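Visitor: Following this message is one structure expressed as structure tokens.
In the working numbering, the protein residues as written are 13 to 721.
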């Protein structure tokens, strides 16, 4: 009791202590997750001072995902939205500095143009009706907050596109090709020289004779920093364990298919006796048999030979009705095919029709008010009128048909192949005769059809195919799991990754240069989980982890971490080594030359003097030597008859002598060339201008830090 009394007396003190403890816990969590009060963890990016928030970014990603559909991966969608956001922010900086905007009236004109062909905004005359647009927006605002938000984003996109178009048009309007530029362009192409030259090719010195040290490569990188700046990246290697059907699995599937051909004796518990169950060869219910035993349902269409895969077409068309072919392998399945029926079918037809839709029919618009029964009555009435006077068909098409795709052609579908139309329509036109009239119901409504033409008949077959997907058995799946587990335990126990893989006859695949926002692992596909793991702070070089992937497992090891900054000597060696080697070869070639004219140089180096004619600066190529812009430039700096000193080119060291200088014929006016220069400038504005603005922009990418990846 004494203790309880003391607690009561100090209750206020305890409450304060507990409150402080809870508050400190919350504060600790906030500080742990970043600057809670500044909200930095909520900023995906800052572009030229503009913040893109996590909420806004993810909302746009969600909209884009719906637009792009399920085939687009989340990373693809995020990267697409990211590029759009960067482009918008970079260009909006320019719009604000210039003070250009899209005003309300201009916005309406833009929407009018963009939506000019949208049926919901057209009046009875087929013209854009602004009132309908206003009504549509107001209705969205009242009934669908989500739809209205998407509309607002659409307006922003339209506005942004208009501003971009205006901006680029303004820049293009400021571009010009001056007469001086036109003259230069003309002379670069028209001025020509003939030369004699001696080439000392770099290939004359073996690579093994040229020593390039790590310090040489490091020095080169330091002098060319911008060229060798790299993002953070990771190198991994992995072994993939695929759950694929074994030879035994495939043989078992083929055996099961072969068994389906035969009749079987099965015990009937109702009759207490054995009964014969018909197999695929003897059954008369081919459709039912296929649907009961196949992974692909029965297809009742008749097929021409050209519609059957070429690998089996000849074999199928040799069969009579009731005969089978297979088992055979096709597109991930083992199959047995049976020719169910054979008939002669026209290869193409020409028809005209009138479509009468009903409420609920596919693609029926809001203006459709007839029920199924009413539409049928209308179609029958029209059929009676047409039978009485076929000349009225065209008039009735215009008045009644809802098939906009054929109304302008008097309801006609010109020559089209078999199986082009929906099944009921197809059956009527290809099983009838020229001149037949009838009413056919499809998912689109009731069609009044007239067959106007049928072309030559060909053999067609109806094929029933039992298909079994080629899949690994449970035993195979278990073996793959055991193999993956065995390898994982061995390497986690300290065994060398490559040596153990070789011992167990597994293939090790290296993947280098993975970036933090990549998603594809070559050979495995979209594997963001592996990329994230490679960049996690706790993943050190040498760490090994198993991942479950589609149809199996991947056991990966982190091989190397490359931080953002200058490329390491090891990484740069492949690209820098040839450059330095070429420079050193040039120096070695120069050191062994003392000649000052072409003949002496050719004689001392056991080579010949060659010639090249009509060289120009626009296309700096030397016949017999290749593209050599520095050498060609030097030639145009010499007078006729003058000989150069040694010149380091792309493919060797050169000495040249100009034998003829042929200036371009002077023109009275260089406007045509100036116009070409202007057009060349304008052609690259859209890409080069934006890329330059983006490169100059201050972009802080926080997608990784905010876990938008």
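Virtual Cβ for every residue (Gly too), placed ideally from N, Cα, C.
Computed from a predicted model, the values in this text were never measured in an experiment.
Should the region 657-669 be called in touch with the region 626-643, which here means at least 3 C-beta pairs below 8 Å?
Guide: yes
Visitor: So, under 8 Å CB-CB, residue 229 and residue 581 are touching, yes? Tell me the CB distance rounded to an integer number of Å.
Guide: At roughly 5 Å, the Cβ-Cβ gap stays under 8 Å, so residue 229 and residue 581 are in contact.
Visitor: Can you tell me whether DSSP reads residue 38 as helix, strand or coil?
Guide: Residue confidence is low: residue 38 scores 36 on pLDDT, short of 50, so the model does not pin down where it sits. Its coordinate-derived value is still stated next. Helix at residue 38.
Visitor: To which residues of the same chain is residue 500 closer than 7 Å at the C-beta, ignoring the five residues directly before and after it?
Guide: 558, 567
Visitor: Is the beta carbon of residue 255 closer than 8 Å to that of residue 489?
Guide: In this structure, residue 489 lies near residue 255, with their beta-carbon atoms less than 8 Å apart.
Visitor: How about residue 551 and residue 207: do their beta carbons lie closer than 8 Å?
Guide: No, these two residues do not count as a Cβ contact at 8 Å.
Visitor: When DSSP builds the beta bridges, which residues end up paired with residue 660?
Guide: 665
Visitor: Any idea if residue 182 is buried or exposed, counting beta-carbon neighbours within 10 angstroms, 16 or more meaning buried?
Guide: exposed
Visitor: In angstroms, rounded to a whole number, what distance separates the CA positions of residue 49 and residue 69?
Guide: Residue placement at residue 49 is poorly supported in this model, since its pLDDT is 35, which falls under 50; the coordinates still yield a value, given next. For residue 49 and residue 69, the distance between alpha carbons rounds to 20 Å.
Visitor: Going by CA-CA distance only, name the one from 674, 583, 563, 172 that's closest to residue 496.
Guide: Per the Cα distances, 563.
Visitor: According to the neighbour-count rule (16 or more other Cβ atoms, all chains shown, within 10 Å of its Cβ), is residue 530 buried or exposed?
Guide: buried
Visitor: With DSSP collapsed to three states, give me the class of residue 477.
Guide: strand
Visitor: In chain order, what residues of the same chain lie with their CB nearer than 6 Å to the CB of residue 706, ignoring the 5 residues before and after it?
Guide: If the five residues before and after residue 706 are omitted, its C-beta is found closer than 6 Å to the C-beta atoms of 102, all from its own chain and listed in chain order.
Visitor: Along the chain, which unbroken stretches of the beta strand (DSSP E) at least 3 residues long are found entirely within the region 587-643?
Guide: The qualifying runs are 622-627.
Visitor: Alpha carbon to alpha carbon, what distance is there between residue 215 and residue 60?
Guide: 50 Å
Visitor: Under 8 Å Cβ to Cβ from residue 446, same chain only, skipping five residues before and after it: list those, please.
Guide: 463, 464, 465, 466
Visitor: Per DSSP, what are the beta-bridge partners of residue 655 in this structure?
Guide: According to DSSP, which records beta bridges pairwise, residue 655 is partnered with 669.
Visitor: If you draw a straight line from the alpha carbon of residue 43 to that of residue 570, how long is it in whole angstroms?
Guide: With a pLDDT of 36 at residue 43, under the threshold of 50, the predicted position of this residue should be treated as unreliable, though the coordinate-derived value follows. Cα-Cα distance, rounded: 31 Å.
Visitor: In the DSSP assignment, find the alpha helix (DSSP H) that holds residue 180 and state where it starts and stops.
Guide: First-last of the alpha helix (DSSP H) with residue 180: 157-185.
Visitor: Which of the three DSSP states is assigned to residue 522 in this structure?
Guide: strand
Visitor: For residue 699, which option in 184, 72, 75, 74 has the closest C-alpha, if you only look at C-alpha atoms?
Guide: 184
Visitor: Nearest-angstrom Cα distance between residue 242 and residue 218?
Guide: 32 Å
Visitor: Would you identify the three-state DSSP class for residue 482, choosing helix, strand or coil?
Guide: coil
Visitor: So what's residue 203 in DSSP terms, helix, strand or just coil?
Guide: coil
Visitor: Restricting to Cα atoms, I'd like to know which of 163, 82, 253 is closest to residue 516.
Guide: 253
Visitor: Just to confirm, are residue 244 and residue 576 a CB contact at a threshold of 8 Å?
Guide: yes
Visitor: How close, in whole Å, do the beta carbons of residue 579 and residue 240 come, if the pair is a contact with beta carbons under 8 Å?
Guide: Sure, about 4 Å apart at Cβ, within 8 Å.
Visitor: Counting Cβ pairs, one atom from each stretch, are 3 or more of them under 8 Å apart for the region 267-286 and the region 344-355?
Guide: yes
Visitor: The alpha helix (DSSP H) that contains residue 388, what's its start and end?
Guide: 384-400
Visitor: Is the region 319-337 touching the region 351-363 in the sense that three or more CB pairs, one from each, lie closer than 8 Å?
Guide: yes
Visitor: When the Cα of residue 585 is compared with those of 224, 556, 66, which residue comes out closest?
Guide: For residue 585, the closest C-alpha among the options 224, 556, 66 is that of 224.
Visitor: Do the region 305-320 and the region 474-494 meet, that is, are 3 or more Cβ pairs less than 8 Å apart?
Guide: yes
Visitor: What is the DSSP secondary structure of residue 353, reduced to helix, strand or coil?
Guide: strand
Visitor: State the CB to CB distance for the pair residue 301 and residue 273, rounded to an integer number of angstroms; the pair is presumed to be in contact (CB under 8 Å).
Guide: Not quite, the Cβ-Cβ distance comes to about 11 Å (not below 8 Å), so this is no contact.
Visitor: Counting pairs of beta carbons, one from the region 316-326 and one from the region 435-454, are three or more of them closer than 8 Å?
Guide: no
Visitor: Count the other CB atoms within 10 Å of the CB of residue 716; is the residue buried (16 or more) or exposed (fewer)?
Guide: exposed
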